[in-house]
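The listed protein sequences correspond, in order, to chains A and B.
So the first sequence is numbered by this note's numbering: it starts at 1 and just counts up by one.
So the second sequence is numbered by this note's numbering: it starts at 1001 and just counts up by one.
Where is the CB? At the ideal position from N, CA and C, for every residue including glycine.
Note that this is a predicted model, so its numbers are computed, not measured.
Protein chains: 2
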Amino acid sequence: MNISVHAEVDLNAVSHADLANAVRFLAVDAIELSQSGHPGLPMGMADVATVLFSRFLKFDAAHPNWPDRDRFVLSAGHGSMLLYALLYLTGGAVSLDDIKAFRQWGSKTPGHPEYGHTPGVETTTGPLGQGIATAVGMALAERMANSQHGDDLVDHFTYVIAGDGCLMEGISQEAISLAGHLQLGRLIVLFDDNGISIDGPTSLATSDDQLARFASSGWSVRRVDGHDPEAIAQAIAEERQTARPSLVACRTIIGYGAPDRQGTEKAHGAPLGTEQTAAARRTLGWDYQPFVVPIPILKAWRLIGQRGQVDRLAWLDRYECASPAQRELFIEGKVLALPSAYAQASAKLRERFATERPKLATRQASQQVLDGIASSIPGLIGGSADLTHSNLTHAKTQVPVTRDRFAGDYIHYGIREHGMAAAMNGIALHGGFIPYGGTFLAFSDYSRPAIRLAALMRLRVIHVMTHDSIGLGEDGPTHQPVEHLAALRVIPNLLVFRPADAVETLEAWDCALEATTRPSVLCLSRQALPTFRSDARGTNRVARGAYLVVTPDGGRDVTLIATGSEVSIAIEAARLLATEHIRAAVVSAPCFALFEEQREEYRAAVLGIAPRVGIEAAVLGDWPRWIGADGEFVGMRGFGASAPAPVLYREFGITPQNIAEAARRAIARKSQ
Amino acid sequence: MNISVHAEVDLNAVSHADLANAVRFLAVDAIELSQSGHPGLPMGMADVATVLFSRFLKFDAAHPNWPDRDRFVLSAGHGSMLLYALLYLTGGAVSLDDIKAFRQWGSKTPGHPEYGHTPGVETTTGPLGQGIATAVGMALAERMANSQHGDDLVDHFTYVIAGDGCLMEGISQEAISLAGHLQLGRLIVLFDDNGISIDGPTSLATSDDQLARFASSGWSVRRVDGHDPEAIAQAIAEERQTARPSLVACRTIIGYGAPDRQGTEKAHGAPLGTEQTAAARRTLGWDYQPFVVPIPILKAWRLIGQRGQVDRLAWLDRYECASPAQRELFIEGKVLALPSAYAQASAKLRERFATERPKLATRQASQQVLDGIASSIPGLIGGSADLTHSNLTHAKTQVPVTRDRFAGDYIHYGIREHGMAAAMNGIALHGGFIPYGGTFLAFSDYSRPAIRLAALMRLRVIHVMTHDSIGLGEDGPTHQPVEHLAALRVIPNLLVFRPADAVETLEAWDCALEATTRPSVLCLSRQALPTFRSDARGTNRVARGAYLVVTPDGGRDVTLIATGSEVSIAIEAARLLATEHIRAAVVSAPCFALFEEQREEYRAAVLGIAPRVGIEAAVLGDWPRWIGADGEFVGMRGFGASAPAPVLYREFGITPQNIAEAARRAIARKSQ
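If you want it as structure tokens, here you go:
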């Protein structure tokens, strides 16, 4: 519907209740039409959201990517119709037809808000707790950007609507604790404190005093009647002034307005039904047909959507006065490009690694890469979940970000792998930064839900995951990631790299930094590995996913395919086999996903037609894709053990001798 | 070393400091010898642990599985030498030779404590936060068992040593919140509040007021000097009296006694080195050679290890008076067997399903299974992470467990998937119960670290994970588990079931309940599925992992292998192919791991030699193991989408027509 909005619309004739009810009934009607969805939150939080959008949120609906907008995160993503209603009403990218196509194939209004799919959606939410943790990253990015570019260019708030579920999920504690520690005063969480979750009253499962909990992490906290617009407005206004992150617990009634369902779990996740929908219309005095928003109310909402134009135009004036580099940075939707200084730094490292051929753990190689390139990439933000000295993620030029000095480029995320991964998502979503963060590969399990969301959102975030196999040794099976490579490789749109030497480590970093629409995981060894690559210049071979490292003269009898720390063992095995006049090719396969994307001819040339042996200090997982259903595989059959790494490799049989034996078996079987 | 302990040993001649220093230096010396390990915690918490073990902990070192012992959980598992030293000193299953073999291949003293590997280790710890969350399950199990069997048989405490890392991990919040809600007064957490983590002072990353945080979840809290034995003793004594779970924040100095390292991160995770080891000996006045514990001190410790004999003998007297069923239940190390009533209930269900052949979602079939069997299995404890009505995990006979009535058999875990999974581990570890708990399969990512530990510990816990594919429909890609089946299948020792109809669902439950040394995940559909199995009696076919559902007459041209909701689609495809005189066998493969364990002859008979097509509404993952490197696969290539389920199946091409087309391709390729 096209509506021309003139300034003379009398906003005073439109009440807060009208505005809020427009949100409520768009949600109710869309859910009713699709016979699927969650009316409880949109009806319960319509008042809070209306106050936020109409009086506080700095946004220009026509320019949802304006860099200095306030961020609004619906952490309780099941309440998606609240957000879609607001996007439609304010004149954003959601049309009435989109609203009517709620939860239908191809619509802009999927069941949960999806970043990149619907303009105006700041982050994908649904898995509870992710939104609030991602918002912490956004609020942190805002302060970091502000410290670099000043109030003129960066000066916005991050608002979150979170439900009981978000606050019960453990990730919320990691987020709350980090935000409190860093004193992210521009983060305001509006808690839909309705006392109801899916099983019934929240008292079935929780007795937490949320205000006291947030306060214990240094937040400013208060409670407010979530159906009293003036009280809500006062709370937000005051919390905007505090130097601390703020929690406003909004006492609301879930499904507000549906007489027989409100205040109970029945309002949460199912359409109201014809009878309750009609009853809600009567209760709230909304005498309009489904999907009808009276023109004055719609015009009032559209004006709200244009409220930020003034701010945006003023910002554009300041933008014009900014430095060229800043102007480049603050182009809407701009993807941060890697500067030429980076390419030079990278080439220099490449030459050194290939020439000196050091024996280095790939985590150490990664440290040298970071030392070499970090200062050349503005916006590169490092960090670790309290394993800085093990992950070797801190470049010598990097300075920690603290509450007193946001102008840093290294974040001590604390022992919060999940919160770190979500915060990294938020930092990437905010824009202006390329975040990377470290932990042990085994703990990728902790951060997995946030890694998945990064893949779904197509974000450039880089996970540095060291201690990538039994090669970590004595810490034992709890810390030895035997199944994590396989488990990460199955996440769509995620690049999992396992470089085999210093040159491959550099190339993997290069791929990860260049991958603007995919997250990456760099799986790095604790133990030292020889550098076998000696090509000081030339193309990035890791970018092909897999390639030939050893090509025997006169054809091959067997192909050994290995990754990471096992490539050098495979090369040893090839030498052994050569003494028996068995010609073994060796393939390094640092990234299965990229290899899968190569042309079939390339793949066929690399894999060859000789029998194959897969080698990886991990479980079989998806290796049969490369070695066949019953292919020979030298790896792990179960969990690891605690012992020095060389002992483990020997005891678990990941040795040149065993690889050679597997090669002989493969050749014998093929020739049968 | 064999030591005869006589009552006349003068305990008064042995000071607290002697006892604690024996712990400290066994840890220091073992770490020094192995050149690997974490001295910081054993040195810092030796005083607290010594007070706990010498004055409070109810245990009999000679009987580490005595059912009514207090449980001691070292949540900060990297401090394993603290526990090993205590096990040796008290006369447990760890010898001095074991101590000297710390972190070596095959020793009883791996890098982190491993349940099932070292008697006296109550749970595997190392991944931070798991221990405290597992302990919540143990403390809950104690109260549940107490409510059934009374103080005479069940009356013990659960003590935890947790570090900063444990409390920063999000899972700790889920655990703390649940424990506070249920008022688990017999849970006492001793927080190693040393202000240091790996990166440096904890002030780098956290500003939490832990006492206020725990108090906000209803805990009794206090702070104590962790090097003052009398203050520690008073704190524990008083906290044992509170009706609430207790946090005692013990202010300690990490690496206490090593003059140049104590109080800094340098003491955490590396051997002290010769010089600091000698300096620590001087500082603490421990003038003995490495690994030497003077006889009087060792005798005093051995007496401590025998202190619980009196309690245990008294308990055995009461045990003799208990009912036969109770005596059966409280046999040390006894694995709960399924009673004959269960077999009868199961057979009755089987007959009904196979005869009536209902069209049911497998989650509904699971509900009917639970309704049929729950009351027949004493100790079966259900629950859900706030998705009871979606997971259909609540059997009609089940009663919720509450703080006022522990005599229930259903737990409202709240929106805490990770905490639920860890609590289930603790309930299983405690003994006397078979826990199962529900959530959506997509959220297995949240509980994954605890599922992994269950697999590593060989625990019988059962995860009911519904909404197992795009078949959940409108909730969209955040909730659609496209990669989770593959990601779970790679966890060693985990049984992942995806039953295809009501009979298979029953059989999968049967397998899971019978699997006493493995955790299971039941992946269940949201959408209705026809029951194709009509064998009202006979063997459990799911137990073979995969089996023939359709065997065409006169041999086969192609084999369609499917799981869960796709089996009935594959059967449809076989019918389509039959109209073209293509003979398609259909294999249902509800559990890859069990199929892998079958004899090769059986596997070959099921798979056949015809070309194969894999069908699963999920990513390719490990399917090439069954269909070959380039096998035909009908499934997902990426994330799902939001739309009604039938639309999604059509749009993503998981249809009988496409399966038939893939079959034709496979046949054509083979005949080339």
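Spatially closest choice to residue i from the options, by CA coordinates
i	options	result
Ala-1046 (chain B)	B:Glu-1032, B:Arg-1024 and B:His-1581	B:Arg-1024
Tyr-39 (chain A)	A:Ala-27, A:Val-48, A:Leu-33 and A:Ala-49	Sequence check: residue 39 (chain A) is Pro here, not Tyr. Here the closest residue by C-alpha is A:Ala-27.
Met-636 (chain A)	B:Phe-1053, B:Gly-1285, B:Ile-1491 and B:Arg-1307	B:Ile-1491
Leu-1089 (chain B)	B:Glu-1507, B:Gly-1414, B:Leu-1338 and B:Leu-1298	B:Leu-1298
Glu-1616 (chain B)	B:Leu-1380, B:Asp-1475, B:Ala-1643 and B:Phe-1652	B:Phe-1652
Phe-214 (chain A)	A:Leu-167, A:Pro-259, A:Pro-611 and A:Ala-258	A:Leu-167
Ala-141 (chain A)	A:Gln-241, A:Ile-427 and A:Val-613	A:Ile-427
Ala-1101 (chain B)	A:Ile-411, A:Ser-642 and A:Ala-663	A:Ser-642
Gly-476 (chain A)	B:Leu-1560, B:Thr-1109 and B:Ser-1075	B:Thr-1109
Asn-1658 (chain B)	B:Gly-1640, B:Phe-1633, B:Arg-1240 and B:Ala-1030	B:Phe-1633
Ile-1462 (chain B)	B:Arg-1518, B:Gly-1165 and B:Gly-1308	B:Arg-1518
DSSP beta-bridge partners of residue i
i	result
Pro-1492 (chain B)	Beta-bridge pairing links Pro-1492 (chain B) to no other residue.
Pro-1110 (chain B)	DSSP, once it has assigned bridges, lists no residue as partnering Pro-1110 (chain B).
Tyr-547 (chain A)	A:Ser-588
Gly-1126 (chain B)	Answer is none; Gly-1126 (chain B) lacks a bridge partner.
Asp-193 (chain A)	A:Arg-251
Pro-1201 (chain B)	B:Ile-1196
Secondary structure of residue i, DSSP reduced to three states
i	result
Val-1292 (chain B)	coil
Pro-435 (chain A)	strand
Ala-169 (chain A)	First, the residue type needs correcting, since residue 169 (chain A) is Glu and not Ala in the sequence shown. Of the three classes helix, strand and coil, the one that applies to Glu-169 (chain A) here is coil, per DSSP.
His-463 (chain A)	strand
Pro-499 (chain A)	coil
Phe-1353 (chain B)	helix
Ile-253 (chain A)	coil
Cys-1511 (chain B)	helix
Gly-1426 (chain B)	helix
Glu-1275 (chain B)	helix
Asp-1098 (chain B)	helix
Phe-1633 (chain B)	strand
Closer than 7 Å: residue i CB and nearest the ligand HEM heavy atom
i	result
Glu-142 (chain A)	Among the components of this structure there are no ligands whatsoever, and the ligand HEM is therefore not found.
Pairwise C-alpha distance: residue j and residue i
i	j	result
Ile-3 (chain A)	Gly-91 (chain A)	At Ile-3 (chain A), the pLDDT of 48 sits below 50, so the modelled position is not reliable; the number obtained from the coordinates is stated separately. The alpha-carbon atoms of Ile-3 (chain A) and Gly-91 (chain A) are separated by roughly 9 Å.
Met-1001 (chain B)	Tyr-1084 (chain B)	Legend: pLDDT at Met-1001 (chain B) = 41, less than 50; position of this residue unreliable, no value from coordinates given.
Cys-1511 (chain B)	Glu-566 (chain A)	37 Å
Ser-1444 (chain B)	Trp-1286 (chain B)	50 Å
Ala-1007 (chain B)	Ala-1487 (chain B)	At Ala-1007 (chain B), the pLDDT of 44 sits below 50, so the modelled position is not reliable and the matter cannot be decided from this model.
Ala-528 (chain A)	Lys-359 (chain A)	6 Å
Leu-52 (chain A)	Gly-195 (chain A)	22 Å
Gly-628 (chain A)	Leu-128 (chain A)	39 Å
Asn-493 (chain A)	Ala-455 (chain A)	5 Å
Val-1005 (chain B)	Gln-1326 (chain B)	Any reading at Val-1005 (chain B) must be qualified, since the residue scores a pLDDT of 44, below 50, and its modelled position is unreliable; the value itself is stated next. Cα-Cα distance, rounded: 34 Å.
Leu-506 (chain A)	Ile-569 (chain A)	20 Å
Min CB distance residue i to chain B below 8 Å
i	result
Asp-68 (chain A)	no
Ser-197 (chain A)	yes
Ser-34 (chain A)	yes
Met-45 (chain A)	no
Thr-264 (chain A)	no
Ala-85 (chain A)	no
Ile-609 (chain A)	no
Beta carbon proximity, residue i to chain A, threshold 8 Å
i	result
Pro-1204 (chain B)	One point to set straight first is that residue 1204 (chain B) is Leu, not Pro, in the sequence displayed. For Leu-1204 (chain B), the answer is yes, since a Cβ of chain A falls inside 8 Å of its Cβ.
Gln-1104 (chain B)	yes
Gln-1173 (chain B)	yes
Any chain E beta carbon closer than 8 Å to residue i
i	result
Asp-29 (chain A)	No chain E is part of this structure, whose protein chains are labelled A and B.
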